[in-house]
Every structure is written in C-alpha cells, then in structure tokens.
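For reference, the structure discussed in these notes is given below.
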Amino acid sequence: MAVAKGEAHGCIVCGKLYQLYVVHDADGNYLGSKVMTAGGKEVTGYNRPLVACERHSADEIGMAADRVYGRPSGPEEDE
Ligand SMILES: [Zn+2]
-1 MAVAKGEAHG CIVCGKLYQL YVVHDADGNY LGSKVMTAGG KEVTGYNRPL VACERHSADE
59 IGMAADRVYG RPSGPEEDE
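Following this note's numbering, the numbering of the sequence shown begins with -1 at its first residue and continues without gaps.
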C-alpha cells in the first residue's frame, strides 16, 4: 500500500521551494514523487524526494545532488 503526502522541497541547485507529492510504501520506503509546482521536475535515482527547476541542466542537477547526497552507485571519486 502506498502513502502519498504533500511536502515542500527546495530545488537541489538553487533552493527554490516546490510542492511535491511524495509516495512511500507502508514500510516507509521511498517510491517516488510528483512535482506539483510549475517549473520544477523530479530528480530520480537518489532514493529520496529531490526536485530541481526545469531550467537547470542535467549536469548542474547531477553535480549538486552528488555533492549533497553522493552518487547512488558507481565509482567513488570523492577527494
Ligand atoms: Zn533551481
């Protein structure tokens, strides 16, 4: 059973706030999210609700998300 909840999250790049519907399963595992505010998009692959403005490039978003949360998988390149 999935549980959807409204939450406000800031853009991973610039911090602009977006309203999301965040969906977890009954055990609290993150399933996905939907951005309700115009101009934002979901950032997938980090197993948590992440949002970014549509105007940011994939590179910008990826670098910002990796800086905060680390890469979900792949080689370790931290300094
Ligand atoms: Zn932004």
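Think of the CB as a built atom: it goes at the ideal place given N, C-alpha and C, for glycine as much as any other residue.
Indicate the three-state DSSP secondary structure (helix, strand or coil) for residue i in the structure shown.
i     : result
Asp25 : coil
Tyr44 : coil
Ala36 : coil
Val11 : coil
Gly68 : coil
Glu58 : helix
Let me confirm a value: residue i is counted as buried when at least 16 other C-beta atoms fall within 10 Å, else exposed. Which label applies?
i     : result
Gly43 : exposed
Ala50 : buried
Gly38 : buried
With a threshold of 6 Å on Cβ separation, who are the neighbours of residue i within its own chain once the five nearest residues in sequence on each side are excluded?
i     : result
His54 : Val11
Might you give, ordered along the chain, the residues of its own chain that have their beta carbon closer than 8 Å to the beta carbon of residue i, omitting 5 neighbours on each side?
i     : result
Met34 : Gly4, Tyr16, Gln17, Leu18, Tyr19
Discussion item. Pairs of beta-carbons, one from the segment 55 to 69 and one from the segment 20 to 28, closer than 8 Å: are there three or more?
Written reply: no
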